[in-house]
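Working notes for the structure below.
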Amino acid sequence: MLDPRRNADPARWGLVPDGQVRERWLPADDPALHEAAGAARSGQWRPAATLLASTFGDWDHRAEVVDVLATEGAHDDRWLTAWRAARPEDPHLAVVDAHAWLKLAWAIRGEGLEAAHVKGFQRVLVKAQRAAWAATGALPDDPTPWWTLTALARGLGFAHSRFQEVWAELTARAPSHRRAHLDALQYWREEWCGSHGLMLDFAEKAAATSPELVALPLHAAFELEDEEPGAWRTASARQALEAVLVRLADAPDTRAVREDRGFAVLALFELGRYDEVVEQFRLLGPRADGAPWSSYEDPKGTFLNYRADACMRAAR
Amino acid sequence: MRLSARAAIAVAMLVGIHLLALLLVAALVVVDVLLVQDGRFIAFVWTNAVFAPIVLGVLVTLFSVGATPGDQFGGTVVTPQDQPRLWDRVRMLAAEVGTRPPDEIRVVPGANAGVVERTRLFGLVVRRRVMVVGFPLFACLTDDELTAVLAHELGHFGNHDARLGGLVHSGRAALVRILAGLSGGTGYRAAVAEVIAAYANLYLTVSGRVSRRQELAADAVAARIAGSRAAASALRAVPFVHAAWATFLEERLHAAGSAGYLPRNVLVGFTRWWTVERPDVEPAPPVAGPFDRHPPMAERIAAVEALAAPGGGGSAPAIDLLDDPSRVVDSSLSTVLTDELGFKTPVECVDLDHLLARAHLVAGSSRLLTAARRASGEREATLGTVLDLLDRGRLADLLPADLVPGNGTRAPRVVREYGRGFVIGELAALAELACRDAGRECPDLAPHVEAACEDHPDTAGLRRVVGIAPDRHPVAD
Numbered sequence: 001m002l003d004p005r006r007n008a009d010p011a012r013w014g015l016v017p018d019g020q021v022r023e024r025w026l027p028a029d030d031p032a033l034h035e036a037a038g039a040a041r042s043g044q045w046r047p048a049a050t051l052l053a054s055t056f057g058d059w060d061h062r063a064e065v066v067d068v069l070a071t072e073g074a075h076d077d078r079w080l081t082a083w084r085a086a087r088p089e090d091p092h093l094a095v096v097d098a099h100a101w102l103k104l105a106w107a108i109r110g111e112g113l114e115a116a117h118v119k120g121f122q123r124v125l126v127k128a129q130r131a132a133w134a135a136t137g138a139l140p141d142d143p144t145p146w147w148t149l150t151a152l153a154r155g156l157g158f159a160h161s162r163f164q165e166v167w168a169e170l171t172a173r174a175p176s177h178r179r180a181h182l183d184a185l186q187y188w189r190e191e192w193c194g195s196h197g198l199m200l201d202f203a204e205k206a207a208a209t210s211p212e213l214v215a216l217p218l219h220a221a222f223e224l225e226d227e228e229p230g231a232w233r234t235a236s237a238r239q240a241l242e243a244v245l246v247r248l249a250d251a252p253d254t255r256a257v258r259e260d261r262g263f264a265v266l267a268l269f270e271l272g273r274y275d276e277v278v279e280q281f282r283l284l285g286p287r288a289d290g291a292p293w294s295s296y297e298d299p300k301g302t303f304l305n306y307r308a309d310a311c312m313r314a315a316r
Numbered sequence: 001m002r003l004s005a006r007a008a009i010a011v012a013m014l015v016g017i018h019l020l021a022l023l024l025v026a027a028l029v030v031v032d033v034l035l036v037q038d039g040r041f042i043a044f045v046w047t048n049a050v051f052a053p054i055v056l057g058v059l060v061t062l063f064s065v066g067a068t069p070g071d072q073f074g075g076t077v078v079t080p081q082d083q084p085r086l087w088d089r090v091r092m093l094a095a096e097v098g099t100r101p102p103d104e105i106r107v108v109p110g111a112n113a114g115v116v117e118r119t120r121l122f123g124l125v126v127r128r129r130v131m132v133v134g135f136p137l138f139a140c141l142t143d144d145e146l147t148a149v150l151a152h153e154l155g156h157f158g159n160h161d162a163r164l165g166g167l168v169h170s171g172r173a174a175l176v177r178i179l180a181g182l183s184g185g186t187g188y189r190a191a192v193a194e195v196i197a198a199y200a201n202l203y204l205t206v207s208g209r210v211s212r213r214q215e216l217a218a219d220a221v222a223a224r225i226a227g228s229r230a231a232a233s234a235l236r237a238v239p240f241v242h243a244a245w246a247t248f249l250e251e252r253l254h255a256a257g258s259a260g261y262l263p264r265n266v267l268v269g270f271t272r273w274w275t276v277e278r279p280d281v282e283p284a285p286p287v288a289g290p291f292d293r294h295p296p297m298a299e300r301i302a303a304v305e306a307l308a309a310p311g312g313g314g315s316a317p318a319i320d321l322l323d324d325p326s327r328v329v330d331s332s333l334s335t336v337l338t339d340e341l342g343f344k345t346p347v348e349c350v351d352l353d354h355l356l357a358r359a360h361l362v363a364g365s366s367r368l369l370t371a372a373r374r375a376s377g378e379r380e381a382t383l384g385t386v387l388d389l390l391d392r393g394r395l396a397d398l399l400p401a402d403l404v405p406g407n408g409t410r411a412p413r414v415v416r417e418y419g420r421g422f423v424i425g426e427l428a429a430l431a432e433l434a435c436r437d438a439g440r441e442c443p444d445l446a447p448h449v450e451a452a453c454e455d456h457p458d459t460a461g462l463r464r465v466v467g468i469a470p471d472r473h474p475v476a477d
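Heads up: the protein sequence lines correspond to chains H and W, in order.
All residue numbers for the first sequence refer to full-length UniProt numbering, where the first residue is 1 and numbers rise by one.
All residue numbers for the second sequence refer to full-length UniProt numbering, where the first residue is 1 and numbers rise by one.
Listed below in structure tokens is the structure:
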């Protein structure tokens, strides 16, 4: 029997073949970061230190670099120890160290809710918080430690007033910090410290502040879709989708843009606009890295499924 | 319908179920005879193979109801020689109520009281009357309140419709047991069970109102004898005693059993817990069903108070009715406390708190001590062994081997940090144990424990607060 999905030849739609799609980011996206992460893995701290210092001021890029290096540091901290031994007062070290504690806490917790994992998660988050506060003092103008605090707030159950204080410090330094906004969205989820309403409010307000954040209501719809099947069809989600499509029309291929494209794909698919889904997949090419695909157990498989479904249902 | 008429119907139905059983037997015999006459031997064998066991089962169930084994109540039998004052009181109450005294009194490990009859023929023939009294009632009620409780139970057998009422009362108890015994069959057996269950349910419904009325009548008897005040306060108190006993049994006695202890002088422990610690227990909400034979508690209390019967001024504790109460209580508990196998250390019940807390610490630090013994090569590991290993930077040797972080990684820092949490938890227990055993106050150990478990450990603080010299190892257990 012919499986129509298997029969849908991606080339007919101008898409890259399934085999070329990949879910990991490419070294070519950021060669310096790739090199620094590789060096850190083998115990070398200098490339990381140099790269991190060079990102000061470019906060979204700095967040990407801190994210990748902190993941390395959470897995193996020999390079961080060596760095501390050589330059104990390096403020950039304090920034990445705090975020590494956060990553470490999440590695201990995982996705489940086993009591021992949650207990370890909480204990290490307290250390992350201590390190993050130290980092805010080491580099007062840097929003990055405030992002770390934003991200750990939900795990420690920060009260809304306390969270707002941290948030005010962050937005004073970087009003449209992308990663911090995504973590704040998580904080406002009902499962953590907020509610459906508070999360949607936050997403809409953020979307109104900066063109780089227009996709936030789509992120919120993604979080809500299991409980509220109509989440993609609300006026706010539709409006956000149109704004995102305008922004994507002539955007460069960055990680943030690819993420927005991914959420636009989900929204368009829900609304039955399959031609436009195929168009976005054409622009994504082989890149199944990052959100929303990374939220699924099988990122690449999910990407390919959506792609094949959209091709089958598209007009041509 | 008048209640006496209802009671008569209920008793008729009790007789009727025996007729139902006989009818089943007769039907089987008739079918057998017909089959044999027709020479249909295969059908004969088949019919008997299927129906004979069922009919037999019904008959066995019917006639075995009265033959319940003596230890079904648990607890300990107290003779008139052992407990003359209790027996005198019960005999006096029986005389006042106008019924015969029980043949046996048992002190049981539960917060309930009752008069149970061993019956034959579905409760139609009473063989033996047993009064059970839970020792928590002795421990928690006053003399007057306990008198009210016992008068209530005897009152079930002394009402104006005593003969029928008593029968209905015993019949209900027997039928409830049968209903429980019939569940779980399959096929034809289930079908027959279904018929009997329907009949029993009908009986329970018909007799239900009789029983509810009987409860109120028994309450009135209790109020007349013990006074309205004592009867009402007993009704209020018993649900709390019940909840308190359930909590004590679970949190202290069962926990003690699991920790290998056999508590002695439970009466002293329970009484102190009840009067000094004043546990904040909530009675379980009553389960109201179609067969519930008790009217709502508020209704019963109001009815008892409305009688305004005088008396019940004294407040001597009910426990004074017993001679050597501690021994009676421990012996009533012997089945509860020893049904778990294995050797148990006898301990004073009042020491349980301390002992259970200590057992918790011992269990919470055993893994760390095992790891320390393996890592140090010493025969017995102590808190000192653990601290010495930490000082030498050997935290990694103390980590549990089978730890898998939540995301499943084997990355060295994640495993180490996850394991560190376990070492911290167990070291905290071990340090508290050392403090307790040395009879010292336990200050806030947490910061010192954390410092001892860092990558660059500092165990001096912990050694200082626990009070061990660097070269001395306290015995941890």
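For every residue, glycine included, the Cβ atom is placed at its ideal position computed from N, Cα and C.
Just confirm the distance between the C-beta atoms of residue i and residue j, as a whole number of angstroms; I'd bet it's less than 8 Å.
i               : j               : result
S176 of chain H : L213 of chain H : 6 Å
P102 of chain W : M131 of chain W : 4 Å
S233 of chain W : E145 of chain W : 6 Å
V95 of chain H  : V66 of chain H  : 6 Å
I225 of chain W : A303 of chain W : Contact doesn't hold; Cβ gap of about 16 Å is too wide.
D143 of chain W : A316 of chain W : 4 Å
L137 of chain W : A111 of chain W : 6 Å
Suppose the cutoff is 8 Å on Cβ atoms and the five residues either side in sequence are ignored; what does the same chain contact list for residue i look like?
i                      : result
residue 479 of chain W : Given that chain W is displayed from residue 1 to residue 477, the structure contains no residue 479 of chain W and the question cannot be resolved.
Q280 of chain H        : L248, R261, A264, V265 and L268
H61 of chain H         : T55
V124 of chain H        : W101, L104, A105 and I108
A315 of chain H        : Y274 and D275
Give every residue of the same chain whose Cβ lies closer than 6 Å to the Cβ of residue i, excluding the five residues on either side of it in the sequence, and list them in chain order.
i               : result
E190 of chain H : H196
V423 of chain W : L398 and C453
Taking the DSSP output, what are the residues bridged to residue i?
i               : result
V95 of chain H  : DSSP output for V95 of chain H lists no bridge partner at all.
I105 of chain W : W:V78 and W:M131
R264 of chain W : W:E348
V317 of chain W : One point to set straight first is that residue 317 of chain W is Pro, not Val, in the sequence displayed. The partner list for P317 of chain W (beta bridge, DSSP) reads W:T142.
A113 of chain W : W:V133
R91 of chain W  : R91 of chain W is not bridged to any residue.
R287 of chain H : H:R22
Can you list, in chain order, the residues of its chain with a C-beta nearer than 7 Å to that of residue i? Leave out the 5 residues immediately preceding and following it.
i               : result
K127 of chain H : W101
H92 of chain H  : A49, L52 and A53
T209 of chain H : P175 and S176
E378 of chain W : T385
E426 of chain W : G364, S365, R367 and L368
A184 of chain H : T150, W167 and F202
F303 of chain H : V21, A288 and W293
P69 of chain W  : Its pLDDT being 43, under 50, P69 of chain W is placed unreliably by the model, and nothing is read from it.
E114 of chain H : none
G19 of chain H  : none
Would you please verify whether the beta carbon of residue i is less than 7 Å from any beta carbon of chain B?
i               : result
T382 of chain W : In summary, chain B is missing from the structure at hand, where the protein chains are H and W.
Q. Using Cβ-Cβ distances below 8 Å, what residues of the region 405-416 of chain W are close to chain H?
A. P405, G406, N407, G408, T409, A411, P412, R413 and V414
Q. Could you give the uninterrupted runs of the alpha helix (DSSP H) lying entirely in the region 126-152 of chain W, keeping only those of 4 residues or more?
A. 135-140
Q | Interface residues of the region 128-143 of chain H facing chain W [CB-CB below 9 Å] | A | none
Q: With 7 Å as the limit, tell me which residues of the region 55-81 of chain H have their beta carbon closer than that to any beta carbon of chain W; keep them in chain order.
A: A74, H75, D76 and D77
Q. What residues in the region 91-108 of chain H bring their beta carbon closer than 7 Å to a beta carbon of chain W?
A. Close to chain W, meaning a Cβ-Cβ distance shorter than 7 Å, are the following residues of the region 91-108 of chain H: L104, A107 and I108.
Q. In the region 417-441 of chain W, which residues sit with their C-beta less than 7 Å from some C-beta in chain H, listed in chain order?
A. E417, Y418 and G421
**Q.** Cβ-based contacts, 7 Å cut-off: residues of the region 114-128 of chain H near chain W
**A.** E114, H117, K119, G120, R123 and V124
Q) Residue ranges of each alpha helix (DSSP H) run of no fewer than 4 residues wholly in the region 28-80 of chain H, ordered along the chain? A) Taking 4 residues as the minimum length, the alpha helix (DSSP H) runs contained wholly in the region 28-80 of chain H are 31-41, 46-54 and 59-75, in order along the chain.
(Q) Please give me, in chain order, every unbroken run of the alpha helix (DSSP H) with length at least 4 that falls completely inside the region 200-250 of chain H. (A) 216-224 and 235-249
Q.
Suppose only complete runs of 3+ residues qualify. What are the beta strand (DSSP E) ranges in the region 339-427 of chain W, listed by chain order?
A. Counting only runs of 3 or more, we get 345-348.
**Q.** Within the region 200-286 of chain W, ranges of the alpha helix (DSSP H) (whole runs, at least 4 residues)
**A.** 228-248, 255-258 and 266-272
Q: Counting only runs of 4+ residues fully inside the region 147-195 of chain H, write out the alpha helix (DSSP H) ranges in chain order.
A: 160-173 and 178-187
(Q) For the region 262-276 of chain H, list every residue whose C-beta sits within 8 Å of some C-beta in chain W, in sequence order. (A) none
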